[in-house]
């Protein structure tokens, strides 16, 4: 995506491994054009990963290592300064313009509560650390909708920037070491790159880290660039017969076009399945290694004018298409772009990419541009970059301080912030600004998240921690995902008050579920549930506590999934009494989830308008009552009246904000639920 056109000249048959510069590769311009076209089409209309980004990474490794090799083998002293200057001028100006546009759109169209996430990602993108930011926040690479970050696609630009720096150090460092001994750099470099690529691929394949981490992990992605660099080392020596080049070209083109249809890159890359698009890119590089202009290889198709033209704006088009897509969805308040809307998004992206390339990227990058124009553009871009960095760091610093202040606050004054108590009693409470603040509500988290006591994606072992009265003889096992977890603050207080332990068995994104029949597929959540069942069979808690319902997909109300009922059967077989609490309402509007804090920060947003009709979120009667009837030891518990009014589930009750996002309760509100939970839990357990 970010390779200069001046580097696109490697691998012709007449290329000497030392001095001569081979012919320009128009076919590789076309390959970039085809790849970016697939990326855009798949993102806009299909919500899938096409494999085009993996092709970009491979081409970037190929071109960049080749350009470094030319310098290292030229006999001149390896000087990193011109290389760094060229890379910065290539990458930063278009990136800064796009980030400025995203920042402006965010300020105008989004509530202030969303500025923090965008500011953090702008800072991460400017420092080429966006991939690590997304990995650290466990962000899935999601299909487009209004809630998705307009900057999530910049992870690949960050990976490339990190590779360029590392490759510069390795190639020039190795050249300097070997030059004093009179050893050519190409052979040792090929061995080194090959070894590093193998290590990176092995790490991507065998690591037990979550997929949400590995997708963005530089170490797991580096092999895709390294194999391109390895090919750059050996390309001048390759002599491939025409018949093999034709076969490679046909196979490579077919794979590039079909990859996105056949593979789910979001869940399968950068592991061994990424060898498919990467291998296709390598095959096409080798297939076109002869003179594409005179040869009749199928790679001539890639050298066609439309694809070459598309390739010339590929970097800018990649930068623009995703923010434009998200902006369209936000502006239209729609979850999908549709055929006509997608055409508009692509057209706008193409125009912006063309303007960015012509007016900013090309004049700054090319020495032949008028000096005054070039200097003015560099000055403007520098000012924009500094302003973006300053504004982003100032805002994130402000929110971080607010969050730290909230974390140091031990408790709320119940007379001002009664929360659920006001709802249950029907008492009107004098208005006070909601707590936790809409700016920090997302950080009002249960202790298990803060303590790292939840199994992460990819982990199936039974991780457990103890809360409540840790020395008590009696115990409750809290099992499930985040919707079971958000009850921990109340259970913890009750455990201290009534002397019982709370043993947690929790996993991110996984309610406790089992296959409803022997033929049903067993996924990661089911595997983890089997593990915690074994752990509880050994630990023998007195009570198991979990959730009993989910929102009904696509229609109003809630229901009890068959996978929950299968779990209840297993718990009954283990003779483990179980209390199952009805899930809390999920906030959405026209099928699109929304954060309560964002709604409250918008003009006209208040406790009522930022809620949801109870009839849309909940059935009139708790579905778990009928579902649990065959299991006498499974006792349903419904606290909906402590969260919702008769007709409306609001965002704030008793001056306490209920939701920290679209579907999880704030810890502060759960603490106000402690008395009502205790009043219901005592008779069910018989402990008080």
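In UniProt numbering, the protein residues as written are 1 to 688. Even glycine gets a Cβ: it sits at the ideal position worked out from N, Cα and C.
Is residue 93 close to the ligand ATP? I mean its beta-carbon at under 7 Å from any heavy atom of the ligand.
What this structure holds is no ligand at all, so the ligand ATP is not there to describe.
On the premise that residue 678 lies in contact with residue 423, defined as a C-beta separation below 8 Å, what is that separation, rounded to the nearest angstrom?
Between residue 423 and residue 678 a beta carbon distance of about 16 Å is seen, past the 8 Å cut, so the two are scored as non-contacting.
Which residue spans inside the segment 36-70 form an unbroken beta strand (DSSP E) run of at least 3?
For the beta strand (DSSP E) assignment, the segment 36-70 encloses no uninterrupted run of at least 3 residues.
Residue 542 - DSSP class collapsed to helix/strand/coil
In this structure, residue 542 counts as coil in the three-state DSSP scheme.
Can residue 624 and residue 636 be called in contact, C-beta distance under 8 Å?
Yes; because the gap between Cβ atoms is below 8 Å, this pair is in contact.
Boundaries of the beta strand (DSSP E) in which residue 478 is found, first to last residue:
From DSSP, the beta strand (DSSP E) with residue 478 extends over 475-480.
Provide the residue span of the beta strand (DSSP E) that contains residue 375, from first to last.
The continuous stretches of beta strand (DSSP E) do not include residue 375, which lies in the alpha helix (DSSP H) extending over residues 371-407.
One or two residues paired with residue 468 in a DSSP bridge
In the DSSP assignment, residue 468 is bridged to 501.
Reference residue 169, options 335, 78, 488, closest by Cα
When only C-alpha atoms are compared, the closest one is 78.
At what residues does the alpha helix (DSSP H) containing residue 346 begin and finish?
Residue 346 -> alpha helix (DSSP H) spans 338-356.
Using a C-beta cutoff of 8 Å, does residue 84 count as contacting chain B?
The question asks about chain B, but that chain is absent: this structure has only one protein chain.
If you compare alpha carbons, which of 517, 334, 328 is closest to residue 345?
Out of 517, 334, 328, 328 has the C-alpha closest to the C-alpha of residue 345.
Could you tell me which residues DSSP pairs with residue 635 in its beta bridges?
579, per the DSSP bridge assignment.
Please state if the CB of residue 556 and the CB of residue 667 are separated by a distance shorter than 8 Å.
No, they are not a contact pair.
Output the distance between the C-alpha atoms of residue 167 and residue 159, rounded to the nearest integer angstrom.
Rounded to the nearest whole angstrom, the C-alpha separation of residue 167 and residue 159 is 12 Å.
Within 8 Å, do at least three Cβ pairs link the segment 197-207 to the segment 265-279?
Here the segment 265-279 makes contact with the segment 197-207; the two share three or more CB pairs at distances below 8 Å.
Own chain, CB closer than 6 Å to residue 48, minus 5 neighbours either side, in chain order:
Cβ neighbours of residue 48 beyond the five flanking positions: 42, 260.
Please go through the same chain and pick out, in chain order, the residues whose beta-carbon is closer than 6 Å to the beta-carbon of residue 163, but skip the five residues on each side of it.
So the qualifying residues of the chain are 225.
Residue 310 versus residue 610: straight-line alpha-carbon distance, rounded
Their backbone Cα atoms lie some 44 Å apart in a straight line.
Quick check: residue 221 and residue 31, are their CB atoms within less than 8 Å of each other?
Contact annotation: residue 221 and residue 31 have beta-carbon atoms that are not nearer than 8 Å.
Which class does residue 613 belong to by DSSP, given the choice of helix, strand or coil?
DSSP, reduced to helix, strand and coil, places residue 613 within a strand of the structure shown.
Counted within 10 angstroms of its Cβ, other Cβ atoms place residue 672 as buried (16 or more) or exposed:
If you draw a 10 Å sphere on the C-beta of residue 672, you find 16 or more other C-beta atoms in it, and that means buried.
Mark residue 690 as exposed unless 16 or more other C-beta atoms lie within 10 angstroms of its C-beta, in which case mark it buried.
This structure cannot settle anything about residue 690, because the visible part of the chain is limited to 1 through 688.
Inter-stretch contact at 8 Å, needing at least 3 Cβ pairs: the segment 557-564 / the segment 501-520:
Touching, yes.
Determine which residues share a DSSP beta bridge with residue 236 and list them.
None, per the DSSP bridge assignment.
Residue 109 classed as buried or exposed, judged by whether at least 16 other C-beta atoms fall within 10 angstroms:
Residue 109 comes out exposed.
Tell me whether residue 435 sits in a helix, a strand or coil according to DSSP, three-state version.
In the structure shown, residue 435 sits in a strand (DSSP, three-state: E or B).
Put residue 459 into one of helix, strand or coil per three-state DSSP.
In the three-state reduction of the DSSP assignment, residue 459 falls in the coil class, being assigned neither a helical nor a strand state.
Span separating the alpha-carbon of residue 421 from that of residue 469
Between residue 421 and residue 469, the C-alpha separation is close to 25 Å.
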